[in-house]
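The structure appears below as structure tokens.
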Amino acid sequence: MINIAMPKGRLALKVAQLLEKAGLIEVDLEKIDEESRKLVLEFEGFKLLLVKPFDVPTYVEHGVADVGIVGKDVLMEVGGKVYEILDLKIGKCFIALAGPAGEAEKLKAKPNKSIATKYPNITRMYFEEILSESVSIVKLNGSVELAPVLGLSDMIVDVVETGRTLKENGLEVYEKLYDITARLIVNRASLKLKPEVESLIETIERVVKSENN
Ligand code: PRP
Ligand code: MG
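Sequential numbering of the sequence shown, starting at -6, is according to our numbering.
So, in structure tokens, the structure goes:
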């Protein structure tokens, strides 16, 4: 039995499609949505554990999940002792510095700017290590786009997919910082001790390759 940790929400459907193409589940694409209160979905030979994105590396690190599917943004932010084994090339988005439309030049020149974000480590890394600039970081857990609108911060660092959330809140991208896709991570002991984990990875890898040819 293999346990796979994956996030609920936006990425879940894309992951389900990938697993379906790999012949691992029969979709039922709606299942993950419909049964969204069920946190464990059982299939032939494996279970899907539906967890919060930032908890995926934790489940894998502790070996409760053998493998995990999670955005590179989460891995950059929290890392964890997990082995990133495959770029799944789904869930494409990017991390951006963003703020009120039309105010990029003014705000980027401002000293001691404040940045609201779910990603304090990535934000610190970008400003302090790359730009050698100190900023004050306001850590939020979601709906980050509200912060500059309400004056909680000057700007935000957040992921952008379609750009709709920014646009509908009067914000725009100031800088594109990092490209993001979903990754397959694996617990090192599981990889060594469970041959079925290796074959699962190979199956998924084949699908990713054929999808991206
Ligand atoms: C994510 C992200 C952005 C939005 C980007 O938020 O934090 O707000 O999606 O997508 P878009 O460019 O297509 O609008 P999410 O919906 O995951 O909610 P949260 O930030 O409240 O956690
Ligand atoms: Mg958001």
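Beta carbons: idealized from backbone N, C-alpha and C, even for Gly.
Return the first residue and the last residue of the beta strand (DSSP E) that Ile108 is part of. Position 115 of the sequence shown holds residue 108. That run of the beta strand (DSSP E) goes Ser107 to Thr110.
Output the residue ranges of the alpha helix (DSSP H) runs that lie fully inside the region 55 to 99 and measure 4 residues or longer, sorted by chain position. 65 to 71
Quick check on Thr155: buried or exposed, where buried means 16 or more other Cβ atoms within 10 Å of its Cβ? In the sequence shown, residue 155 corresponds to position 162, counting from 1. Thr155 is exposed by the Cβ-count criterion.
Can you give the beta carbon distance from Ile178 to Val53, rounded, assuming they're within the 8 Å contact cut? If you number the sequence shown from 1, residue 178 lands on position 185. If you number the sequence shown from 1, residue 53 lands on position 60. The Cβ separation is near 5 Å, so the contact holds.
Can you list, in chain order, the residues of its chain whose CB lies under 7 Å from that of Leu90, leaving out five sequence neighbours each side? Taking the first residue of the sequence shown as 1, we reach residue 90 at position 97. Same-chain partners within the cutoff: Met148, Val150, Tyr167, Glu168 and Leu170.
With Gly0 and Lys45 assumed to form a contact (beta carbons below 8 Å), what rounded beta-carbon distance in angstroms separates them? Numbered from 1 along the sequence shown, position 7 holds the residue referred to as residue 0. Numbered from 1 along the sequence shown, position 52 holds the residue referred to as residue 45. One detail in the question is off: residue 0 reads as Pro in this sequence, not Gly. That belief holds up - the Cβ atoms of Pro0 and Lys45 are roughly 7 Å apart, short of 8 Å.
Asn(-4), enclosing alpha helix (DSSP H) - first and last residue: Indexing the sequence shown from 1 puts residue -4 at position 3. Note, Asn(-4): premise wrong, no alpha helix (DSSP H); beta strand (DSSP E) at Ile(-5) to Pro0.
Inter-residue spacing [alpha-carbon to alpha-carbon] between Glu37 and Ala15: Position 44 of the sequence shown, counted from the first residue, corresponds to residue 37. Position 22 of the sequence shown, counted from the first residue, corresponds to residue 15. Those two C-alpha atoms are separated by around 13 Å.
Exposed or buried, Leu17, counting other C-beta atoms within 10 Å across all chains shown (16 or more means buried)? Along the sequence shown, one-based indexing puts residue 17 at 24. Per the 10 Å Cβ criterion, buried.
Around the ligand MG, Cβ to any heavy atom closer than 7 Å, ordered along the chain: Gly135, Ser136, Val137, Glu138, Asp151 and Thr158
Ile149 in three-state terms, based on DSSP: Position 156 of the sequence shown, counted from the first residue, corresponds to residue 149. Ile149 falls in the strand class under three-state DSSP.
Quick check: does the Cβ of Val153 come within less than 6 Å of any heavy atom belonging to the ligand PRP? Your numbering for residue 153 matches position 160 in the sequence shown. Because some heavy atom of the ligand PRP lies under 6 Å away, the Cβ of Val153 counts as near it: yes.
May I ask you to check if the CB of Gly72 is nearer than 6 Å to at least one heavy atom of the ligand PRP? Position 79 of the sequence shown, counted from the start, is the residue given in the question as residue 72. Because no heavy atom of the ligand PRP lies under 6 Å away, the Cβ of Gly72 does not count as near it: no.
For Glu165, name the three-state secondary structure that DSSP assigns. Against the sequence shown, residue 165 aligns to sequence position 172. The answer is strand: DSSP assigns Glu165 an E or B state.
Would the beta-carbon of Leu42 fall within 7 Å of that of Ala58? For this step, residue 42 is matched to residue 49 along the sequence shown. For this step, residue 58 is matched to residue 65 along the sequence shown. Cβ atoms of Leu42 and Ala58: closer than 7 Å.
Per DSSP, the bridge partner or partners of Lys40: In the sequence shown, residue 40 corresponds to position 47, counting from 1. For Lys40, which the question treats as bridged, DSSP gives the partners Asn(-4) and Glu35.
Can the beta-carbon of Ile108 be found less than 7 Å from the beta-carbon of Ile130? In the sequence shown, counting from the first residue as 1, residue 108 sits at position 115. In the sequence shown, counting from the first residue as 1, residue 130 sits at position 137. Yes, the Cβ-Cβ distance between Ile108 and Ile130 is below 7 Å.
Classify Val137: buried if its beta carbon has 16 or more other beta carbons within 10 angstroms, exposed otherwise. Taking the first residue of the sequence shown as 1, we reach residue 137 at position 144. It counts as buried.
Chain-order list of residues whose beta-carbon lies under 6 Å from that of Lys132 (same chain, five-residue window excluded): As a first step, residue 132 is located in the sequence shown; it is residue number 139 there, counting from the start. Taken in chain order, the residues that qualify are Pro113.
Label Gly84 either buried or exposed according to how many other C-beta atoms from any shown protein chain fall within 10 Å of its C-beta, with 16 as the threshold for buried. Stepping through the sequence shown from its first residue, residue 84 is reached at position 91. Buried.
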